[in-house]
Amino acid sequence: MNLDLFTPDDLTPANVRLAPQAVVLRGFALPDEGRLLRELAQVWEQAPPRHMVTPGGYRMSAALTNCGTLGWTTDERGYRYTRHDPLTGQPWPALPASFMALAQRAAQAAGFPDFQPDACLINRYLPGARMSLHQDKNERDFRFPIASVSLGIPAIFLFGGMKRSDAVQRVALQHGDVAVWGGADRLRYHGVAPLKDATHPSLGAVRVNLTFRRAG
Ligand code: SIN
Ligand code: FE2
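Sequential numbering of the sequence shown, starting at 1453, is according to the working numbering.
This is the structure we're talking about:
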């Protein structure tokens, strides 16, 4: 995997380095698209996306669900990982093989070998939905990176610093792009700007983000 920045004679979509240990791998998930979407549909059947409430009482504009041993949830009592889906009482659906393989390959390409995710948070955004700046910090061990797969309509990813008030880079994430951040950049603030109206040939007016973590 070539992690060089764009050069004028480079005709392939350029990867983007956001920070020393943070990169966007352009189109990295495209070869897996068909299988990812089939397995996503199966996960959604067992554990449908739903709008959760933050501890501050706000309804999240993205609808979320999980697959993997652990799933991230939020309600009035706080943010946490659980083994069971609070909606159904069932264990979260297992991480599909295509999800696991993609997350590991992307982490490896970004310089993080030995990534063993046990959690995949699945966010579904419709036009207008957003994700405010936050740190991913409910995981047990920050040595493992975050691998984040974008599918469907584009979004502007906001990538900041260690403080909420730090300057933010804005980078468009397209269908098939994979962002990976870890190491010294693991706790950077990040978020998603409100999505513009658009339609994707496979997913319609929807963006899906798969965020892989080692949570437990
Ligand atoms: C997240 O940080 O949980 C989601 C990021 C994204 O949707 O790209
Ligand atoms: Fe996040």
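In this text, a Cβ means the ideal position worked out from N, Cα and C, and glycines have one as well.
What is the DSSP secondary structure of residue i, counted as helix, strand or coil?
{"i": "serine 1602", "result": "strand"}
{"i": "proline 1472", "result": "coil"}
{"i": "leucine 1655", "result": "coil"}
{"i": "alanine 1636", "result": "helix"}
{"i": "leucine 1647", "result": "coil"}
Relative to the ligand FE2, is the shortest distance from any of its heavy atoms to the C-beta of residue i smaller than 7 Å?
{"i": "aspartate 1637", "result": "no"}
{"i": "aspartate 1618", "result": "no"}
{"i": "threonine 1525", "result": "no"}
{"i": "histidine 1536", "result": "no"}
{"i": "aspartate 1588", "result": "yes"}
What does a CB cutoff of less than 6 Å around residue i pick up in its chain, not counting 5 residues either side in sequence?
{"i": "glycine 1563", "result": "none"}
{"i": "leucine 1522", "result": "Tyr1533, Asp1570, Ala1571, Ala1667, Gly1668"}
{"i": "asparagine 1454", "result": "Because asparagine 1454 carries a pLDDT of 49, less than 50, the predicted location of this residue cannot be relied on, and no value is offered for it."}
{"i": "leucine 1625", "result": "Ser1602, Ala1607, Phe1609"}
{"i": "asparagine 1575", "result": "Ala1514, Leu1516, Asn1661"}
{"i": "glycine 1634", "result": "Gln1473, Phe1564, Pro1597"}
{"i": "leucine 1655", "result": "Gly1604"}
For the alpha helix (DSSP H) that residue i lies in, which residues bound it at each end?
{"i": "glutamine 1498", "result": "1485 to 1498"}
{"i": "methionine 1552", "result": "1549 to 1561"}
I'd like the list of long-range same chain contacts for residue i, defined as Cβ closer than 8 Å, with 5 residues on each side in sequence excluded.
{"i": "cysteine 1572", "result": "Asn1518, Cys1519, Gly1520, Leu1547, Phe1551, Ala1555, Leu1662, Thr1663, Phe1664, Arg1665"}
{"i": "glycine 1509", "result": "Glu1528"}
{"i": "phenylalanine 1567", "result": "Ala1555, Gln1556, Ala1559, Gln1560, Phe1596, Pro1597, Ala1599, Phe1664, Arg1666"}
Could you pull the start and end residues of the beta strand (DSSP E) that residue i belongs to?
{"i": "methionine 1583", "result": "1583 to 1586"}
{"i": "arginine 1511", "result": "It is not in any beta strand (DSSP E) - arginine 1511 carries neither H nor E in the DSSP assignment."}
{"i": "tryptophan 1524", "result": "1523 to 1527"}
{"i": "histidine 1536", "result": "First-last for histidine 1536: undefined, no H or E at that position."}
{"i": "leucine 1573", "result": "1571 to 1577"}
{"i": "leucine 1610", "result": "1607 to 1611"}
{"i": "alanine 1624", "result": "1621 to 1625"}
Closer than 7 Å: is that where the CB of residue i sits relative to any heavy atom of the ligand SIN?
{"i": "glutamine 1505", "result": "At residue 1505 the sequence reads valine, which differs from the glutamine that was named. Every heavy atom of the ligand SIN is 7 Å or more from the Cβ of valine 1505, so no."}
{"i": "methionine 1583", "result": "yes"}
{"i": "phenylalanine 1551", "result": "no"}
{"i": "histidine 1642", "result": "yes"}
{"i": "asparagine 1575", "result": "yes"}
{"i": "alanine 1645", "result": "no"}
{"i": "leucine 1625", "result": "yes"}
Enumerate in chain order the residues of its own chain whose CB-to-CB distance from residue i is below 7 Å, with the five nearest sequence positions on each side excluded.
{"i": "alanine 1636", "result": "Pro1472, Gln1473"}
{"i": "threonine 1525", "result": "Met1504, Arg1532, Thr1534, Pro1538"}
{"i": "arginine 1511", "result": "His1503, Val1505"}
Thinking residue i and residue j are a contact (beta carbons under 8 Å), I'd like their distance in whole angstroms, please.
{"i": "valine 1632", "j": "valine 1475", "result": "6 Å"}
{"i": "histidine 1652", "j": "isoleucine 1605", "result": "5 Å"}
{"i": "valine 1630", "j": "alanine 1499", "result": "Not quite, the Cβ-Cβ distance comes to about 22 Å (not below 8 Å), so this is no contact."}
{"i": "arginine 1640", "j": "phenylalanine 1611", "result": "6 Å"}
Tell me whether residue i counts as near the ligand GDP, meaning its Cβ is closer than 7 Å to at least one heavy atom of that ligand.
{"i": "threonine 1663", "result": "Because the ligand GDP does not appear in the structure shown, any question about it cannot be addressed here, the ligands present being the ligand SIN and the ligand FE2."}
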